Amino acid sequence: MTTITFITGANKGLGYETARRLTELGHTVILGARDPRRGTEAASRLGVRFVPVDVTDDESVERAADDIGAHEGRVDTLVNNAGIMGRRAAAEDLTGDDALLVFNTNVLSVVRVTHAFLPLLGKSDAPAVINVSSGLGSFTLTHDPDRVESTVIAPLYPASKSAVTMLTMQYARALPGIRFNAVDPGYTATDLNGRSGPQTLTEGTEAIVALAAEPPAAGTGRFIDRFGPVPW
Ligand code: NAP
């Protein structure tokens, strides 16, 4: 039986590369994107189905779940990938609206999409949720002078990713019938960082693909990168 995998924010970057690699591995990938043109183009390049989803919008997320319920009938793997860096500004210039946008897109989205997709995950024999977090949300890594994460000063994005990791751990405890794991892709060249990351897209998707391809017994409540467990 095929694995049905829904990925948010999959029209480009890590989400797109994850969609491409999981399709290659035999998953039935449903490509989620907020912009219909970008989403349709990306999906047709991969030969997969596009479903519109803006992760900041309850109705859009519910429509996406209804659409997949009507077409595929279940979701085995949900990849909460969509995310933004937010406005680049000095800390003293950041506003509540800046925070609202970053936390809505990166954090509330995880709750919104998970909530809407739980019934579809419930129809899977081996349901899994992969939350794309970041090492920038790790308290340990951001205090390790040998790590690039300790050199970044950007209050909102790292704080949002700390919340993504903690949400993952809490969902894992609350819902033991579903595997909830978080991933740090590592600093990867995508539009998110103006393509400044040293890692390739292949390296950046390694841990996401590993979680999506591992057997159900692999466990829940983990935070990993492509080298193994990440301290958080
Ligand atoms: P990216 O190339 O900028 O891709 C981000 C994706 O998220 C795009 O498809 C974007 O769609 C989508 N998105 C943004 N807001 C959305 C919304 N409201 N609804 C639906 N989709 C939305 O960045 P990326 O590097 O691949 O990022 C993917 C994930 O990896 C993010 O969660 C990011 O925080 C995480 N991450 C990245 C790195 C890195 O070094 N690149 C490191 C650690 C973690 P549009 O094209 O419509 O904007």
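The numbering of the sequence shown is the working numbering, which starts it at 40 and goes up by one.
The C-beta atom is built at its ideal place from N, Cα and C for all residues, glycine as well.
Everything numeric in this text was worked out from a predicted model, so none of it was measured.
| field | Rounded separation between Leu85 and Glu131 - CA only | value | If you draw a straight line from the Cα of Leu85 to the Cα of Glu131, it comes to about 43 Å.
| Would a C-beta distance cut-off of 8 Å place Arg151 and Asp97 closer than the cut-off? | Judged by beta-carbon spacing, Asp97 lies within the 8 Å limit of Arg151, meaning their Cβ atoms are closer than that value.
| Just checking, does the segment 69-78 make contact with the segment 261-269 on the three C-beta pairs under 8 Å criterion? | Output reads no: the segment 261-269 does not touch the segment 69-78.
| request: Using the Cα positions of Ala58 and Ala138, report the straight-line distance between them to the nearest angstrom. | output: Straight across, the Cα-Cα distance linking Ala58 with Ala138 is about 29 Å.
| DSSP puts Gly236 in a beta bridge; with which residues? | When DSSP reads this structure, Gly236 sits in no beta bridge, so it has no partner.
| Taking 7 Å as the cut-off, is the CB of Asn220 close to at least one heavy atom of the ligand NAP? | Using a cutoff of 7 Å, the CB of Asn220 does not count as near the ligand NAP, since none of the ligand's heavy atoms is closer than that.
| field | Stretch-stretch touch, CB-based, cutoff 8 Å, three pairs: the segment 232-245 with the segment 203-218 | value | Contact fails: fewer than three Cβ-Cβ distances are below 8 Å.
| said: Suppose you measure from the CA of Ser199 to the CA of Phe142; what does that come to, to the nearest Å? | reply: In this structure, the straight-line span from the alpha carbon of Ser199 to that of Phe142 is close to 6 Å.
| task | Tell me where the alpha helix (DSSP H) around Ala82 begins and ends. | result | That run of the alpha helix (DSSP H) goes 75-85.
| Where the alpha helix (DSSP H) containing Gly71 begins and where it ends | Per DSSP, Gly71 belongs to no alpha helix (DSSP H); it is in the beta strand (DSSP E), 67-72.
| said: For Thr227 and Tyr196, what's the separation of their Cα atoms in angstroms? | reply: Note on geometry: alpha-carbon atoms of Thr227 and Tyr196 lie some 15 Å from one another.
| said: Could you give the first and the last residue of the continuous alpha helix (DSSP H) run that contains Ile107? | reply: First-last of the alpha helix (DSSP H) with Ile107: 97-110.
| Helix or strand or just coil, what does DSSP make of Gly122? | Of the three classes helix, strand and coil, the one that applies to Gly122 here is coil, per DSSP.
| message | Tell me which residue opens and which closes the beta strand (DSSP E) that Pro91 is part of. | response | For Pro91, the uninterrupted beta strand (DSSP E) run begins and ends at 88-91, by DSSP.
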